[in-house]
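See below for the structure under consideration.
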Amino acid sequence: TKSYCNFPHHPNHEIFTEIYKTYTLPVFFFLSVNLLDSRTVMGDLGWIAYPKNGWEEIGEVDENYAPIHTYQVCKVMEQNQNNWLLTSWISNEGASRIFIELKFTLRDCNSLPGGLGTCKETFNMYYFESDDEDGRNIRENQYIKIDTIAADESFTELDLGDRVMKLNTEVRDVGPLTKKGFYLAFQDVGACIALVSVRVYYKKCPSVIRNLARFPDTITGADSSQLLEVSGVCVNHSVTDEAPKMHCSAEGEWLVPIGKCLCKAGYEEKNNTCQAPSPVSSVKKGKITKNSISLSWQEPDRPNGIILEYEIKYFEKDQETSYTIIKSKETTITADGLKPGSAYVFQIRARTAAGYGGFSRRFEFETSPVSVAASSDQSQIPIIVVSVTVGVILLAVVIGFLLSGSCCDHGCGWASSLRAVAYPSLIWRCGYSKAKQDPEEEKMHFHNGHIKLPGVRTYIDPHTYEDPNQAVHEFAKEIEASCITIERVIGAGEFGEVCSGRLKLQGKREFPVAIKTLKVGYTEKQRRDFLGEASIMGQFDHPNIIHLEGVVTKSKPVMIVTEYMENGSLDTFLKKNDGQFTVIQLVGMLRGIASGMKYLSDMGYVHRDLAARNILINSNLVCKVSDFGLSRVLEDDPEAAYTTRGGKIPIRWTAPEAIAFRKFTSASDVWSYGIVMWEVMSYGERPYWEMTNQDVIKAVEEGYRLPSPMDCPAALYQLMLDCWQKDRNSRPKFDEIVSMLDKLIRNPSSLKTLVNASSRVSNLLVEHSPVGSGAYRSVGEWLEAIKMGRYTEIFMENGYSSMDSVAQVTLEDLRRLGVTLVGHQKKIMNSLQEMKVQLVNGMVPL
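Mapping of the sequence shown onto UniProt numbering: position 50 corresponds to residue 50, and the numbering continues sequentially without gaps.
Structure representation (structure tokens):
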């Protein structure tokens, strides 16, 4: 019989292991609680087959050597089959409606020679309720039938030969249940079937706070259409306004909220809680100098207890990402170290035992301007600064010698003291404490959400650590492997597989994540390089930078866990959705990428491999910069090519100076961003198409640039060209790019002007005279040739209608015409200078 069925059989086959790994991973669309999952039981399931020569357990293990509990039966050539498989007792944990998920394969009867008269393609599922574990040995007629299970897809011997097993998934529900538990039974009546997994679960509505009322975990009702009414309990410091209620649906969703709670007098609602004092409302300015502003304020009208301290936040107007925090126990402070003649914004909040209150509204004050007398003394400042600096260093040397007997991890004596002057944070690592400016006052500086200390880089290169493990543990959170569920493989990385899965941290709901794994048999260097990316990523916190959840280093496999981006890499996503988005949506994507790169640039971090393939995009079309593997990734990047200096870099995305001299800076990242813009606007087209890397290097060096994508707004293409300026100092900064894109988004009409189709270069290598190599017939032709065509109309309106008149233009003239960008000024003046030199040599007739 088995020769006809040809089922894989232990120990000669591994197909069931492949089925388990590929198909049996759970996907949860609701909050469910497992009562039984045959895939996760490590020991014996305790199931019974009757008769014994009917259902048979297949003993296999997965890649982690955990047992896979698979049962098969294949008595298709024998009449009157009645084979039962009985589970152990399953507690329902108070649920009155349970769900059974079956995964199984079934052989097509038509593919069995001679077995059509007896072969079946279905099996039956039953249950029996019991309050204890002694009810399994009962008669068959006492079991209640749940359903006859049929396969949507069956397999043939051909499928088996190709190792293609068509797995079926069926879900049935049972209820209402009235006892503490139940047994399941599976009856075979003559099919060739393998039961790969059985999962039994119930659904519940998760605990939630709504309208200031807390609703507990609630198991769904017995009926598929039943709504359970649940009463809520008011959160702390709130009282009932109308009795809060919600209804738990059969699918585990909260519906129909009724009633609410209100915060008690003296409390305000914030994030579904009541625990904060009222804000400071009255702030008065005191003494103001060119470098300081003094403030005073009154206590809040309704403080929630005794005020322990105040927190004062201030920043230069329009520079909100860089701010300073002062903490004071008094109702007065003086903010010093400010710029003369500059406006500053202040906000104040109070802290009690219940926590911080909300910040006050913004108060704006301006420092005094610099007087004429004061400005005349500015020439003395450099001398004073140098003198003070030398004095501080000499003092550090003396102190270092005096304390030479006291050492720490960063060195001893004078060398340690010098490092302490340059890098104050090292003093803390040696065990010293930070001295405050005032016993009642503490000041901290922040930049883009991070504490900014004078003389210390915000981004710390993990390679500067002697022990790489120290960097990992300092910047990345360790996660228990048991908190992670790997669901499916979604790609392959340099060091192992990339998977999707779910992460359940204590006190938080389960959520989707991406998981990079380190393959078995790694070297210590591979492990160090693998975790190095986590040490980098863990230092970043920005909505447009991929977020690191943590790492697994204390068990195998070693893993890096990040947020999950549903739409994958940007280049692949755009190719799949060619032409499906509005220009505003595309600009929104570009704005997100630029914002993330601005953050990295401000942190002092250079990406070096910015490309659409290294941008991830989620279901809300939010783009996030990823792939911080740097040089180790570039070594195996198929888009890379060897340069004359021996390393590998992605030529099509890399700035000329980075290719020639390995000069990687934020400006070279801006060049790469221009290529990303082109990729986005062309929906994932390959930059420079099928040109070789050497052809790309030569073309770019000679001044050629990618042509505008089809239907690209002129403003966006001009920004690309600005990013591709040969002089890296002429390229825009990322903050300027973000600002420009913001303006375009706020003014959509500015995106309606498209690059003229007739002026688009259809072939990148179409010959035209580079700047200075020939005569120009008009001012417009000259400006177009140097990529400054945007200024043609301005030149013409102001009387510069011939090349003769243009030759007399000065830098002051350009500024008067409105050419304010320094890079554009340089480009125009350099071109004019070249033409004048060639005119003198008789080369270019104007």
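Just so you know, even glycine gets a beta-carbon here, dropped at the ideal spot from N, CA and C.
- When DSSP assignments are scanned along the region 493–571, the uninterrupted stretches of alpha helix (DSSP H) that are 4 or more residues long and fall wholly within it turn out to be 524–537.
- Around the beta-carbon of Gly190, 16 or more other beta-carbon atoms lie within 10 Å, marking it buried.
- Per DSSP, the unbroken alpha helix (DSSP H) holding Met803 starts and ends at Met803 to Val806.
- Membership of Asp147 in the beta strand (DSSP E) is indicated by the continuous run Ile144 to Ala150.
- The region 728–747 and the region 790–807 do not touch, with fewer than 3 CB-CB distances between them shorter than 8 Å.
- Leu741 is classed as buried because its beta carbon has at least 16 other beta carbons within 10 Å across all chains shown.
- Per DSSP, reduced to three states, the secondary structure at Gly59 is strand.
- In the assembly as shown, Leu308 is an exposed residue. Its beta-carbon has fewer than 16 other beta-carbons within 10 Å.
- Under the three-state reduction of DSSP output, Ser281 falls in the coil class, being neither helix nor strand.
- The region 169–228 is shown to contain whole beta strand (DSSP E) runs of 3 or more residues at 181–188, 192–205, 208–210 and 213–215, in chain order.
- Annotation: the continuous alpha helix (DSSP H) that includes Met597 extends over Val583 to Asp602.
- DSSP places Asp241 in no alpha helix (DSSP H) but in the uninterrupted beta strand (DSSP E) bounded by Ser238 to Cys248.
- The alpha carbon of Val41 has as its nearest neighbour, out of Ile209, Arg199, Pro51 and Met77, the alpha carbon of Arg199.
- In the three-state DSSP reduction, Trp782 falls in the helix class (H, G or I).
- Taking all protein chains in view, the Cβ of Trp689 is surrounded by fewer than 16 other Cβ atoms within 10 Å, so the residue is classified as exposed.
- Taking C-beta atoms as the reference points, Val345 and Lys327 fail to come closer than 7 Å.
- For Gly259, there is no enclosing alpha helix (DSSP H); the enclosing beta strand (DSSP E) has its first and last residue at Trp254 to Cys263.
- In terms of CA proximity to Tyr183, Tyr143 leads the group Tyr143, Pro51, Glu812 and Val230.
- With a threshold of 16 other beta carbon atoms within 10 Å, Ile615 meets it and is buried.
- Setting aside the 5 residues that flank it on each side, Cys192 is surrounded in the same chain by Cys5, Cys74, Val76 and Arg107, each with a C-beta closer than 6 Å to its C-beta; the list follows chain order.
- Taking 7 Å as the cut-off, the beta carbon of Leu212 is found closer than this to the beta carbon of Cys261.
- The criterion of a C-beta distance shorter than 7 Å is satisfied by Lys624 and Ile545.
- Taking 7 Å as the cut-off, the beta carbon of Ala514 is found closer than this to the beta carbon of Tyr564.
- In this structure, the CA atom of Leu719 is about 37 Å from the CA atom of Pro369.
- Around the beta-carbon of Ala715, 16 or more other beta-carbon atoms lie within 10 Å, marking it buried.
- Taking a 10 Å sphere around the C-beta of Lys752, we find fewer than 16 other C-beta atoms and assign the residue as exposed.
- Here Val174 is near Ile146, since their CB atoms are less than 7 Å apart.
- The shortest CA-to-CA distance from Ile293 to any of Trp671, Thr562 and Tyr314 is the one to Tyr314.
- Residue nearest to Thr523 within the set Phe495, Asn577 and Asp217 is Phe495 (criterion: CA-CA distance).
- According to the DSSP assignment, Glu366 belongs to the beta strand (DSSP E) that extends over Phe363 to Glu366.
- Residue pairing of Asp735 in beta bridges, as defined by DSSP: absent, with no partner found.
- In the assembly as shown, Val822 is an exposed residue. Its beta-carbon has fewer than 16 other beta-carbons within 10 Å.
- DSSP places Asp37 in no alpha helix (DSSP H) but in the uninterrupted beta strand (DSSP E) bounded by Ser32 to Asp37.
- By the CB criterion at 7 Å, Lys285 and Thr367 fall outside the cutoff.
- Look at Trp689 here: in three-state DSSP terms it is coil, with no helix or strand label.
- In the three-state DSSP reduction, Cys119 falls in the coil class, being neither helix nor strand.
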